[in-house]
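J.: Numbering (the numbering used here), first residue to last: 3 to 264. Below are the structure tokens for one structure; questions will follow.
Structure follows, in structure tokens:
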């Protein structure tokens, strides 16, 4: 069951339309957020998602038609109408509309045992915002999936690693949890991990040849949480199993999602 709300009005799938010559369609001029519901149809870090939505819109001078308070009411209407307890929600802001859609959350639990990734020499444009102009991330992720990998790690011409096509990146250096600070998407799950971590956080850059020597690496996504990385370019990370510190962070995150939902 898909539920779609456009400018605070429910529409069926065939009537969910935007004008052909909209800048959103022609030029990718728009921003979006993807999030999910947890127990009892509640959200985790909703305020952070909406703050990023409005910040992203502001950075490209896109006016949002509704206030945050109104969008929260719209979100609750969509969630209530769906018959699924766990939902994948997308908020899209374009000049003509605010669009909110919901589908059932589908997650392959096997990913939490570790995923295979591949490095791809490609960068995102304006990485600090969630723009509808998402072609670099999209084609990188699709290329990875078609080759049998879960995610693409984006690197530059010098082999420096930035983030995943659809995710943020963390790695451990002994008892220090590391992540890149700038030129990446300010992920909401990434922010939660930084807040929750019992380990010291260090912001730093890293080359691919150094990253693959780390014993514990994980990526983060708003819908799926913390996902351990077991290989990059077919090079096994650590012993190929989920590390103890990564497992600890996964448990902390799951607990937070339950206790801090609203």
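Where is the CB? At the ideal position from N, CA and C, for every residue including glycine.
Would you mind listing the alpha helix (DSSP H) stretches within the segment 181 to 209 that are 4+ residues and don't spill past its ends, in chain order?
T.: Those alpha helix (DSSP H) runs which fall completely within the segment 181 to 209 and span 4+ residues are 190 to 198.
J.: Looking only at its own chain, which residues have a Cβ that is under 8 Å from the Cβ of residue 30, when we skip the five neighbours before and after it?
T.: Within the chain shown, numbered from 1, the residue matching residue 30 stands at position 28. For residue 30, where only same-chain residues beyond five positions count, the Cβ hits under 8 Å are 133, 134, 135, 136 and 137.
J.: Exposed or buried, residue 205, counting other C-beta atoms within 10 Å across all chains shown (16 or more means buried)?
T.: Locating residue 205 in the chain shown gives position 203, counting from the first residue. Residue 205 should be labelled exposed.
J.: Look up residue 223 in the DSSP assignment and say whether it is helix, strand or coil.
T.: Residue 223 sits at position 221 when you count from the first residue of the chain shown. Three-state DSSP puts residue 223 in a strand.
J.: For residue 232, which option in 225, 215, 226 and 83 has the closest C-alpha, if you only look at C-alpha atoms?
T.: If you number the chain shown from 1, residue 232 lands on position 230. For residue 232, the nearest C-alpha among the options comes from 215.
J.: For residue 99, which residues does DSSP report across the bridge?
T.: Working through the chain shown from its first residue, we reach residue 99 at position 97. For residue 99, which the question treats as bridged, DSSP gives no partner whatsoever.
J.: With burial defined as no fewer than 16 other Cβ atoms inside 10 Å of the residue's Cβ, what is the status of residue 242: buried or exposed?
T.: Taking the chain shown and counting its residues from 1, the one referred to as residue 242 is at position 240. Flag for residue 242 reads exposed.
J.: Using the C-alpha atoms, what's the distance from residue 54 back to residue 23?
T.: Within the chain shown, numbered from 1, the residue matching residue 23 stands at position 21. Within the chain shown, numbered from 1, the residue matching residue 54 stands at position 52. Roughly 27 Å between the two C-alpha positions.
J.: So, is residue 21 buried or exposed, given that buried needs 16 or more other C-beta atoms within 10 angstroms?
T.: To locate residue 21, count along the chain shown from 1; it is residue 19. By the 10 Å Cβ count, residue 21 comes out exposed.
J.: Express the C-alpha separation of residue 118 and residue 250 in angstroms, rounding to a whole number.
T.: Walking along the chain shown from the start, residue 250 turns up at place 248. Walking along the chain shown from the start, residue 118 turns up at place 116. If you take the alpha carbons of residue 250 and residue 118, they lie about 21 Å apart.
J.: Going along the chain, which residues of its own chain have a beta-carbon closer than 8 Å to the beta-carbon of residue 56, five neighbours each way excluded?
T.: On the chain shown, position 54 is the one that residue 56 refers to. So the qualifying residues of the chain are 66 and 70.
J.: Within 8 Å, do at least three Cβ pairs link the segment 151 to 169 to the segment 215 to 228?
T.: Judged by Cβ distances under 8 Å, the segment 215 to 228 makes contact with the segment 151 to 169, as three or more pairs qualify.
J.: Leaving aside the five residues before and after residue 58 along the sequence, list all residues of the same chain whose C-beta is less than 6 Å from its C-beta, in chain order.
T.: Translated into positions along the chain shown, residue 58 becomes position 56. Once the five neighbours on either side are set aside, the close Cβ partners of residue 58 are 33, 131 and 132.
J.: Using 10 angstroms around the beta-carbon of residue 89, count the other beta-carbons present and answer buried if the total reaches 16, otherwise exposed.
T.: Walking along the chain shown from the start, residue 89 turns up at place 87. Buried: at least 16 other Cβ atoms inside 10 Å.
J.: Quick test of the definition: if touching needs 3 or more C-beta pairs under 8 Å, does the segment 145 to 165 touch the segment 72 to 88?
T.: These segments do not touch.
J.: Expressed to the nearest angstrom, what Euclidean distance is found between the alpha-carbon atoms of residue 6 and residue 101?
T.: Position 4 of the chain shown, counted from the first residue, corresponds to residue 6. Position 99 of the chain shown, counted from the first residue, corresponds to residue 101. Cα-Cα distance, rounded: 7 Å.
J.: As a quick exercise: from 188, 83, 41 and 182, pick the residue whose alpha carbon is nearest that of residue 51.
T.: Here the question's residue 51 lines up with position 49 in the chain shown. Out of 188, 83, 41 and 182, 188 has the C-alpha closest to the C-alpha of residue 51.
J.: Considering only C-alpha positions, which residue in the set 120, 18, 27 and 3 is nearest to residue 81?
T.: Counting from 1 along the chain shown, the entry for residue 81 is found at position 79. Selected option, being the one with the closest Cα: 3.
J.: Excluding the five sequence neighbours on either side, which residues of its own chain have a C-beta within less than 8 Å of the C-beta of residue 142, listed in chain order?
T.: On the chain shown, residue 142 is found 140 positions in, with the first residue counted as 1. Contacts found: 122, 124, 154, 156 and 167.
J.: Which residues in the same chain have their Cβ closer than 7 Å to the Cβ of residue 45, if we skip the five residues on either side of it in sequence?
T.: In the chain shown, the residue the question calls residue 45 occupies position 43. Excluding residues within five positions, the ones whose Cβ falls inside 7 Å are 37, 39, 263 and 264.
J.: Tell me which residue opens and which closes the beta strand (DSSP E) that residue 121 is part of.
T.: As a first step, residue 121 is located in the chain shown; it is residue number 119 there, counting from the start. From DSSP, the beta strand (DSSP E) with residue 121 extends over 117 to 123.
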